[in-house]
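In the working numbering, the protein residues as written are 99 to 437.
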Ligand SMILES: NC(=O)c1ccc[n+]([C@@H]2O[C@H](COP(=O)([O-])OP(=O)(O)OC[C@H]3O[C@@H](n4cnc5c(N)ncnc54)[C@H](O)[C@@H]3O)[C@@H](O)[C@H]2O)c1
């Protein structure tokens with residue numbers, strides 16, 4: 099089979115992570131890499147033996163044989179690189195969030211449409227059997243409808259300062275929670291209204307690092323999220339995730355002790371949810387563990403090879419970003435935001 103040749107733009111955390119998945123695919127070649135940081139680039143090209151490496155990413159776009167690029171840059175840089183890559187006819191896998199504002203997102207989507215290139219967003223949960231099973235349970239009606247999905251999480255946050263800059267990364271309610279907004283939109287449909295309160299624990303940063311939001315969907319379902327990246331390094335808070343509905347509750351693994359899981363379930367191979375129903379009835383629901391990042395990129399490569407549209411697109415990226423921006427706006431104004 100003819101190899102699909104790809105370029106990686108941005109050789110930081112995600113650039114390396116994705117390259118490790120691609121290296122396991124025998125019909126894929128990471129032909130070129132780019133990073134403005136020469137040390138990152140050197141380390142990357144040594145590990146992945148790329149044929150070409152450039153400090154200036156635009157040189158990747160001039161290589162005819164390269165069919166697609168993975169854009170693994172800090173979020174505020176996605177716009178320019180997506181637009182220039184599309185103009186050169188490269189198919190695009192872009193890490194989430196799509197961009198920092200909706201105008202940029204629109205321009206990126208239009209550039210990909212105009213140049214007839216594929217534009218896949220890195221919403222990796224779409225490829226995770228864990229989230230797939232949760233969605234199947236909700237859609238299958240085991241909990242009844244509407245449901246409320248609760249999610250509380252806190253930490254000291256992401257590894258680089260740009261994540262905490264309101265113009266560059268947007269903080270947890272944009273950068274991290276965008277995965278939740280995408281799962282919500284994918285599972286429940288259109289968002290109707292958002293109400294949020296936000297604050298900043300860390301004084302030295304420009305982004306909001308802490309906030310809570312109620313996201314109401316047209317379907318009647320609801321997502322309640324409370325996230326913080328404001329803790330000092332080494333401190334931690336509780337993680338809570340469940341989904342409740344008129345027929346019962348679904349507890350995620352952060353809500354039960356793994357010692358409770360029946361020994362008959364092979365935990366190397368399976369993860370489990372705990373379903374709790376009327377009359378104190380409990381049921382363990384298992385899902386087979388998979389490498390979601392590998393499966394995500396396999397989909398991108400297959401879409402290029404078979405000329406198919408990716409199942410998760412720039413439009414999905416824009417919809418998720420819209421929710422994150424509404425959360426920040428509601429937090430700032432103290433009023434609900436209609437979407
Ligand atoms: N899907 C996920 O679960 C997930 C997880 C973490 C991060 N992300 C997203 O992935 C993206 C990258 O995050 P990261 O943690 O890898 O960031 P990072 O800071 O680790 O890496 C970014 C790299 O881009 C390089 N770079 C900056 N400007 C450049 C330019 N003009 N040309 C070439 N290289 C340039 C930097 O030197 C750095 O090596 C972000 O959008 C982030 O939100 C997604």
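The beta carbon of each residue, even a glycine, is placed where N, CA and C say it ideally should be.
All values reported here derive from a predicted model rather than from experimental measurement.
Query raised in the report: residue 241: which of 117, 344 and 434 sits nearest, CA to CA?
Result: 344
Query raised in the report: Residues bridged to residue 192 by DSSP?
Result: 169 and 219
Query raised in the report: If you run the structure through DSSP and keep just helix, strand and coil, what is residue 129?
Result: strand
Query raised in the report: residue 339 and residue 326 look like a contact to me (Cβ under 8 angstroms); what is the Cβ gap, rounded to whole Å?
Result: The pair is not a contact, with the Cβ atoms about 15 angstroms apart (cut-off 8 angstroms).
Report task. May I have the straight-line CA-CA distance separating residue 100 from residue 204, to the nearest angstrom? Result -> 34 angstroms
**Report entry** residue 340: first and last residue of the uninterrupted alpha helix (DSSP H) it sits in
**Finding:** It is not in any alpha helix (DSSP H) - residue 340 instead sits in the beta strand (DSSP E) that spans 338-343.
Query raised in the report: Alpha carbon to alpha carbon, what distance is there between residue 161 and residue 136?
Result: 20 angstroms
**Report entry** residue 163 beta carbon near ligand 1 (any heavy atom closer than 6 angstroms)
**Finding:** no
Query - Which of helix, strand or coil DSSP assigns to residue 198 - result: coil
Report task. Would you be able to state if there are at least three C-beta pairs under 8 angstroms between the segment 346-358 and the segment 269-289? Result -> no
Report task. Would you list, in sequence order, the uninterrupted alpha helix (DSSP H) runs of no fewer than 4 residues that lie entirely inside the segment 250-305? Result -> 276-286
Query raised in the report: Which whole-angstrom value is the C-beta distance of residue 412 and residue 158, which I expect to be below 8 angstroms?
Result: At roughly 20 angstroms, the Cβ-Cβ gap does not stay under 8 angstroms, so residue 412 and residue 158 are not in contact.
Requested in this report: Report the option in 104, 245, 122 and 154 whose CA atom is closest to the CA atom of residue 319.
Outcome: 245
Query raised in the report: Is the Cβ of residue 387 closer than 7 angstroms to any Cβ of chain B?
Result: Reference to chain B is not applicable here, since this structure consists of a single protein chain.
Requested in this report: Leaving out five residues on either side along the sequence, give the residues of the same chain with a beta carbon under 6 angstroms from the beta carbon of residue 227.
Outcome: 385, 386 and 388
Requested in this report: My understanding is that residue 200 touches residue 426, with C-beta atoms under 8 angstroms, so please give their C-beta distance in whole angstroms.
Outcome: Between residue 426 and residue 200 the Cβ distance is about 12 angstroms, and since that is not below 8 angstroms, they are no contact.
Query raised in the report: Within 6 angstroms: the Cβ of residue 134 and any heavy atom of ligand 1?
Result: yes
Report task. For residue 265, count neighbouring Cβ atoms within 10 angstroms of its own Cβ and tell me buried if that reaches 16, exposed if not. Result -> exposed
Query raised in the report: Quick one: complete beta strand (DSSP E) runs, 3+ long, within the segment 102-161?
Result: 102-107, 126-132 and 150-152
Query raised in the report: ligand 1 heavy atoms versus the CB of residue 358: any closer than 6 angstroms?
Result: no
Query raised in the report: residue 372: which of 215, 278, 365 and 381 sits nearest, CA to CA?
Result: 381
Query raised in the report: Cβ atoms of residue 295 and residue 306: under 7 angstroms apart, would you say?
Result: no
Requested in this report: Would you check whether ligand 1 has a heavy atom nearer than 6 angstroms to the C-beta of residue 155?
Outcome: yes
**Report entry** the segment 170-185 touching the segment 103-111, judged by at least three CB pairs closer than 8 angstroms
**Finding:** yes
Report task. Per DSSP, which residues does residue 39 bridge with? Please list them. Result -> Outside the displayed span of the chain (99 to 437) sits residue 39, for which this structure offers no information.
**Report entry** Candidates 383, 331 and 379: closest to residue 350 by CA position
**Finding:** 383
Requested in this report: Could you work out which residue in 125, 114, 124 and 130 is closest to residue 138 when comparing CA atoms only?
Outcome: 114
Query raised in the report: Which residues in the same chain have their Cβ closer than 6 angstroms to the Cβ of residue 255, if we skip the five residues on either side of it in sequence?
Result: 327
Query raised in the report: What span of residues does the beta strand (DSSP E) with residue 179 cover, start to end?
Result: First-last for residue 179: 176-185, but that is the alpha helix (DSSP H), not the beta strand (DSSP E).
Query - Beta-bridge pairing of residue 246 - partner residues as DSSP gives them - result: 320 and 342
**Report entry** Nearest neighbour of residue 291, chosen from 141, 147, 434 and 120 [CA to CA]
**Finding:** 434
Report task. Report whether the distance from the Cβ of residue 109 to the nearest heavy atom of ligand 1 is below 6 angstroms. Result -> yes
Requested in this report: May I ask you to report which of helix, strand or coil DSSP gives residue 333?
Outcome: coil
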